[in-house]
DNA sequence: GCATTAACCACAG
DNA sequence: CTGTGGTTAATGC
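Residue numbers (the working numbering): 45 to 270.
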């Protein structure tokens, strides 16, 4: 443990920005930083967990095994909390998390975290905001998945990667076709077909995992109309 | 009926 | 792993 690790961290969460010096030392004393390589499992569904997980850096996929197939719930980019909902009320994880890139994750002791919630209202406030944003995001995703059809969901995912993850229109899909299917609720074959269709129609420039979004306005239309 | 959508299977790079 | 073609089932004109 390193007392200074959180004090001088430049990837602090919005919540942790409200911690004082003494609190940051306590945090540093009760958390641990772990590096994960691409494909490493950060935590697994049904395993016991007594930590709050914070992604300092990197991309993580959050997934759950459904009755039919694997479902990717979302892709999270650090810095972000991951797993407050799983660890707060329950002892076991309700989903798994896997590193997509090389990732740095902080495991924060739950009692320390709860202590901040109890004593630092600014900290708590930021955590609540985070949870609310998450819930709203999930509501939207739920509607999308249920009411849109294949191409709409794929267009959604492409725009998500371009706007939220890479922040440019040329993306390198960090998922296999099979996983991209798990994310968008399509079979791997369908993902393949939809992408080649988009390519043929000039909406994207497709080159394996390298995808360039050429007509984002049209992709948005497809995404909205389903 | 006919068209659309998407899943499943099989096979080829 | 990925792309494609054929087949099949469900759903909506």
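Where a beta carbon is used, it is the ideal one built from N, C-alpha and C, also for glycine.
If you're wondering where the values come from, they're calculated on a predicted model, not measured in any experiment.
Considering only their Cβ atoms, is the gap separating residue j from residue i smaller than 9 Å?
i, j, result
"residue 255", "residue 208", "no"
"residue 151", "residue 77", "yes"
"residue 49", "residue 95", "no"
"residue 179", "residue 62", "no"
"residue 182", "residue 118", "yes"
"residue 148", "residue 80", "yes"
"residue 125", "residue 174", "yes"
"residue 59", "residue 68", "no"
"residue 226", "residue 97", "no"
"residue 238", "residue 198", "yes"
Tell me which same chain residues have a C-beta within less than 8 Å of the C-beta of residue i, skipping the five on either side of it?
i, result
"residue 203", "257, 260, 263, 264, 267"
"residue 70", "156, 159"
"residue 246", "258, 259"
"residue 240", "250"
"residue 274", "Since the first and last residues shown for the chain are 45 and 270, residue 274 lies out of range."
"residue 201", "224, 227, 228"
Looking only at its chain, what residues have a beta carbon closer than 6 Å to the beta carbon of residue i, apart from the 5 residues adjacent to it on each side?
i, result
"residue 135", "92"
"residue 90", "136"
"residue 243", "250"
"residue 206", "213, 215, 257"
"residue 101", "122, 148"
"residue 185", "none"
Name the DSSP beta bridge partners of residue i, please?
i, result
"residue 116", "107"
"residue 150", "77, 98"
"residue 142", "85, 105"
"residue 124", "99"
"residue 227", "Note: residue 227 sits in no beta bridge, so no partner."
"residue 214", "256"
"residue 249", "256"
"residue 136", "92"
Among residues of its own chain, excluding the 5 on either side of residue i, which ones have a beta-carbon nearer than 7 Å to its beta-carbon?
i, result
"residue 82", "143, 144, 145, 146"
"residue 109", "89"
"residue 168", "161"
"residue 111", "none"
"residue 253", "216, 217"
(message) Contact between the stretch 220-235 and the stretch 156-173 is defined here as three or more beta-carbon pairs at a separation below 8 Å; is this criterion met?
(response) no
(request) Would you be able to state if there are at least three C-beta pairs under 8 Å between the stretch 184-203 and the stretch 230-244? (result) yes
(request) Give a yes or no on contact between the stretch 97-105 and the stretch 143-162, applying the rule of three or more CB pairs nearer than 8 Å. (result) yes
(request) Any chance you could list the beta strand (DSSP E) runs of at least 3 consecutive residues sitting entirely within the stretch 63-97, in chain order? (result) 75-80, 85-87
(request) Pick out the complete alpha helix (DSSP H) segments inside the stretch 169-224, 4 residues or longer, and give them in chain order. (result) 194-204
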